[in-house]
Structure formats: structure tokens, C-alpha cells
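Down below is the structure, laid out as C-alpha cells.
Number of protein chains: 2
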Amino acid sequence: MSRKKRAGLDTDAVVQEAIQLADELGYDKLTLAALAARLGIKTPSLYNHIQGLDDLRQRMAIHGLEGLYSALLHAVKLDAGNPIQAVAEAYVAFADENPGVYAASLLAPDAQVPRWQELGEQIVQLISNLAEPYSLEPDEVIHWVRGFRSMLHGFASLRQAGGFGMPIALDESLQYMVKTYMRGAQPQR
Amino acid sequence: MSRKKRAGLDTDAVVQEAIQLADELGYDKLTLAALAARLGIKTPSLYNHIQGLDDLRQRMAIHGLEGLYSALLHAVKLDAGNPIQAVAEAYVAFADENPGVYAASLLAPDAQVPRWQELGEQIVQLISNLAEPYSLEPDEVIHWVRGFRSMLHGFASLRQAGGFGMPIALDESLQYMVKTYMRGAQPQR
DNA sequence: AAATACAAACTAACATCATTAGTTTATTTT
DNA sequence: AAAATAAACTAATGATGTTAGTTTGTATTT
Chain A
153 MSRKKRAGLD
163 TDAVVQEAIQ
173 LADELGYDKL
183 TLAALAARLG
193 IKTPSLYNHI
203 QGLDDLRQRM
213 AIHGLEGLYS
223 ALLHAVKLDA
233 GNPIQAVAEA
243 YVAFADENPG
253 VYAASLLAPD
263 AQVPRWQELG
273 EQIVQLISNL
283 AEPYSLEPDE
293 VIHWVRGFRS
303 MLHGFASLRQ
313 AGGFGMPIAL
323 DESLQYMVKT
333 YMRGAQPQR
Chain B
153 MSRKKRAGLD
163 TDAVVQEAIQ
173 LADELGYDKL
183 TLAALAARLG
193 IKTPSLYNHI
203 QGLDDLRQRM
213 AIHGLEGLYS
223 ALLHAVKLDA
233 GNPIQAVAEA
243 YVAFADENPG
253 VYAASLLAPD
263 AQVPRWQELG
273 EQIVQLISNL
283 AEPYSLEPDE
293 VIHWVRGFRS
303 MLHGFASLRQ
313 AGGFGMPIAL
323 DESLQYMVKT
333 YMRGAQPQR
């Protein structure tokens with residue numbers, strides 16, 4: 153059952169180390185050479201576990217979406233008071249703490265990989281559920297979800313890129329943004 | 153006054169061609185080799201006009217911000233009816249039509265380059281002006297601007313990355329998002 | 001008009017990177 | 001113990017960015 157090979161390496165260990173490296177160096181600075189060195193093997197040996205750089209990035213993307221989904225789910229379960237704010241904070245925190253894998257998760261999903269598509273749908277579903285209190289039309293729910301995701305990704309992305317200049321009171325900015333979007337979605341009386 | 157050299161090339165022509173190439177191939181696929189070939193010169197000759205790939209990307213970023221600012225300004229001047237929606241549409245359209253240069257414009261501004269900082273501030277100022285009707289406190293204006301930029305960048309970025317799945321009714325989604333944010337920012341009566 | 005200066009092209013060379021092919025070796029299975 | 005297999009290796013190739021040093025065409029100066 154348990155096959156042990158020379159260095160105890162398998163695909164998952166390689167991807168895991170790649171994620172860690174990408175978080176440290178930045179997604180675009182991740183190289184197979186650096187990864188191999190870190191694992192104590194030569195670059196070509198990586199091809200025993202992954203198909204190449206593109207394949208590695210795909211696997212990182214899937215790990216990223218799994219982590220993100222898990223973080224969002226956890227936020228919903230924990231904070232029942234204001235799930236929308238909780239999800240927003242969890243989303244941004246995840247991107248902040250796992251910049252490498254978050255960048256990978258933005259890769260255009262390959263339709264050939266069902267798990268990929270599936271994870272995307274799960275995340276959309278989770279966010280859709282957040283819109284329930286607003287009693288929106290089905291079409292509007294789609295718009296609401298797209299808007300919410302845009303806000304969160306945009307905020308996380310700009311923040312990561314240093315696009316906000318001085319990083320002062322960013323938490324308040326996130327809160328304000330989400331609060332404002334929520335208030336705007338509320339039925340007008 | 154007018155110096156003509158061998159191939160009529162100058163820094164600006166190189167950057168211009170690089171932008172065009174990046175828009176065609178994608179920002180990350182832009183290589184000095186491809187750029188040189190397109191200009192009919194050898195790769196090292198590029199170094200007579202630019203300092204290297206990083207320098208080229210910086211120049212592309214500045215051109216991108218100039219183009220973006222210009223597009224937003226134009227939208228404000230033209231559509232006096234709903235300047236916020238007009239700016240949002242102009243922003244997303246610019247990112248859509250100039251994907252390469254828009255990607256470049258997201259580079260973290262180098263504090264050593266004044267023009268860069270300056271353009272960022274101009275864009276922030278332009279967006280700040282949009283918040284005037286809401287009579288917000290100074291702190292709130294900052295939050296409002298950050299939120300608005302996050303929405304627009306997130307929308308443009310996710311759309312570009314194919315993150316929205318089926319690209320159905322994206323214009324309506326953008327309208328909904330902006331409308332909702334606007335409504336939420338309105339003083340409650 | 002001839003000489004000089006200079007900018008912009010070139011060739012040659014190097015380091016790094018991803019990738020493929022073929023080989024060795026350690027572990028597992030028979 | 002022998003055979004099979006998986007995972008490491010070496011060697012080699014083609015791209016890429018970059019630097020150094022050289023040639024050459026245009027512009028300026030004499």
C-alpha cells in the first residue's frame with residue numbers, strides 16, 4: 153500500500169512546496185529551478201511528478217480555489233451575524249496571506265478539468281446564498297454576485313499591488329465598501 | 153533639430169510597439185526577442201532605447217496610466233448626466249480594449265519616478281470628484297474612492313481572466329454594480 | 001567638402017530557464 | 001533472488017535577458 157521512493161516526494165509535496173515558494177517570492181518569480189533546489193533534486197526530476205510549469209500552475213490554481221472556498225465556508229459557519237462582511241474579510245485575508253496561490257487561482261479555468269469548474273461553481277454558489285436576504289430576481293442575483301466578487305478581487309488585487317498608496321485604514325475601507333454595496337442592494341422603501 | 157537615425161526608431165516608438173504586442177499576445181507573453189523582431193532589429197539593439205525589460209514595463213505602465221486617465225477624463229466631460237456610470241464604463245472599456253497596457257499599469261508605482269506617482273494621484277483626484285454629490289466626510293471619501301476603484305479593477309480583471317464564466321449580460325452586471333454602490337452611498341433619509 | 005563625433009545598429013558571449021531524451025539506481029513486487 | 005517499476009540522474013537543446021565590444025551610418029563641425 154505505502155510505496156516509499158527515494159526521497160519521499162510525490163506530486164502533492166511538490167505542489168505544496170511550489171505554493172510556499174510562490175507565496176514567498178511572488179507568483180511570477182516561481183521557477184522550476186528554484187523549486188527543485190528547494191526540494192533537493194535536479195530540475196528535470198520534477199517531471200516525474202508534474203508535467204511541466206503549466207501543469208504545476210494548474211495544480212496550484214486548484215489548491216488555491218480549495219483553500220479559498222474552505223476559508224469562505226469557515227467564515228460563513230462561524231459568523232452568523234453578518235455573513236457578508238465575514239466572507240468579505242475572509243476573502244481578502246486569504247488573498248493577503250496566500251498571495252502566490254491566490255494569483256494562481258485566477259488562471260482561466262480549463263474546461264478539461266472538471267474539479268476546476270466545480271470549485272468555481274461552489275464558490276459562486278456560496279456567494280449566491282449570501283444574497284438571499286435581498287430577495288432578488290434570478291437575473292439580479294447573478295449581477296449581485298458578479299459585483300460582490302469584483303469588489304473583493306479588486307480590493308485584494310489593488311492592495312497586493314500597492315495600488316492604494318499608503319495602506320492606512322484598509323480594513324475600514326473594506327468595511328465601508330461592503331456596507332455600501334449591501335445598503336444599495338436593500339429593497340427601497 | 154530633427155535628428156534622423158538609421159531606422160527612425162526612438163524610445164517612444166519602441167514602447168508603442170511593445171504596447172501593441174502586449175495587447176495582442178498578452179502582457180506576460182511580451183518578450184524582447186519578439187519585440188525586436190517586430191521592429192526589424194536584433195534584441196540587443198533595443199538597449200539603445202530602453203534599459204531592459206523592467207524599464208520597458210515601467211514605461212508601458214506610465215503610458216497605460218496616461219491613456220486610462222485620458223479616457224476617464226473624456227468620459228466625465230462628455231456625459232454630464234451620470235458621470236459615475238460614464239467613468240465606470242470608460243474604465244472597463246479601456247481595460248478591455250488595451251489589455252496589455254492595462255496589465256502594465258497595475259505595476260507598483262516606483263517612488264523614484266515622479267510622473268508615475270503624479271498620474272496615480274490625478275486618477276484618484278478625478279474619482280474623488282465623482283463623490284462630491286454625496287457630501288461625505290474626508291475620511292469617507294477615501295473609502296468611497298478605494299471601493300469604487302476596487303469594483304472597477306476587479307470587474308475588468310475578472311472579466312479579462314474569464315472569471316465570470318459565460319460572458320452574458322456583462323454590461324448589465326457592471327451597471328447593476330455601480331448603481332448599487334451609488335445607491336448605498338446616498339445619505340439615508 | 002572633409003573630418004570628426006555620436007548614436008544606433010551589429011556580433012559574440014554568458015547565465016538562466018524550461019524541456020526532452022536517455023541512463024542509472026533504489027525500491028517494490030514477483 | 002530476479003524482474004519490474006518509479007524516481008532520481010546526466011547530457012543536450014532552444015529561448016530568453018543581458019553585457020561587452022565593434023561597426024556603421026548620419027549629423028555636426030571644421
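If you're matching them up, the sequences are chains A and B in order. Each residue of the first sequence is one higher than the one before, starting from 153 at the first, in my numbering. Each residue of the second sequence is one higher than the one before, starting from 153 at the first, in my numbering. Beta carbons are placed, not taken as given, at the ideal position from N, Cα and C, and that holds for glycine.
With a cutoff of 8 Å on beta-carbon distance, A:Ala247 and A:Val239 are scored as not near each other. Ranked by Cα distance from B:Gln210, the options B:Leu230, B:Pro266, B:Ala245 are led by B:Pro266. Counting only Cβ-Cβ distances below 7 Å, A:Leu310 has contacts in chain B at Arg301, Ser302, His305, in chain order. Taking 8 Å as the cut-off, the beta carbon of A:Gly306 is found no closer than this to the beta carbon of A:Tyr254. Put simply, the stretch 266 to 285 of chain B does not touch the stretch 275 to 293 of chain A. Fewer than three CB pairs are less than 8 Å apart.
In the structure shown, the three-state DSSP call for A:Ile202 is coil. Measuring C-alpha to C-alpha distances from B:Gln168 to each of B:Tyr328, B:Leu326, B:Ala256 identifies B:Ala256 as the nearest.
Exclusion of the five residues before and after A:Ser287 leaves Pro339 as the residues of its chain whose Cβ lies within less than 8 Å of its Cβ. Secondary structure at B:Phe246: helix, using DSSP grouped into helix, strand and coil. At least one C-beta of chain A is nearer than 8 Å to the C-beta of B:Leu258.
The alpha-carbon separation between B:Val293 and A:Arg311 amounts to approximately 18 Å. Nearest to A:Gln237 by alpha-carbon distance, out of A:Met329, A:Ala337, A:Gly336, is A:Met329. Residue-level contact check: B:Ala337 touches chain A, since one or more beta carbons of chain A fall below 8 Å from its beta carbon. Residues of the same chain with a CB within less than 8 Å of the CB of A:Leu177, apart from the 5 flanking positions on each side, are Ala186, Gly252 in chain order. Contacts between B:Gly314 and chain A, judged by CB atoms closer than 8 Å, involve Ala260, Pro261 in chain order.
Distances from the CA of B:Leu208 to each of B:Gly219, B:Val166, B:Ser197, B:Ala232 were compared; the closest alpha carbon is that of B:Val166. Taking CB atoms only, B:His295 has a neighbour in chain A less than 8 Å away. At a cut-off of 8 Å between beta carbons, B:Glu324 contacts chain A. The C-alpha of A:Thr183 is placed about 37 Å away from the C-alpha of A:Gln327.
Within the same chain, Cβ atoms closer than 8 Å to the Cβ of A:Trp268 are found at Gln210, Ala213, Ile214, Leu217, Pro261, Asp262, the five residues on either side in sequence being excluded. Boundaries for B:Pro319: no alpha helix (DSSP H) harbours it, and the DSSP string shows neither H nor E there. Just measuring C-alpha positions, the residue of A:Asp323, A:Phe316, A:Thr195 sitting nearest A:Glu241 is A:Asp323.
Contact annotation: A:Arg298 and B:Ser309 have beta-carbon atoms that are not nearer than 8 Å. Within chain B, the residues whose beta carbon sits less than 7 Å from that of A:Tyr333 are Thr332, Tyr333, Gly336, listed in sequence order. Using a CB distance below 9 Å, the part of the stretch 179 to 200 of chain B facing chain A consists of Asp180, ordered along the chain. Following the DSSP letters along the chain, one finds B:Ser280 inside the alpha helix (DSSP H) bounded by residues 266 to 282. Residues of the stretch 205 to 233 of chain A with a Cβ closer than 9 Å to any Cβ of chain B: none. Taking the Cβ atoms as the reference, B:Asn250 lies roughly 6 Å from B:Asp175, within the contact range of under 8 Å.
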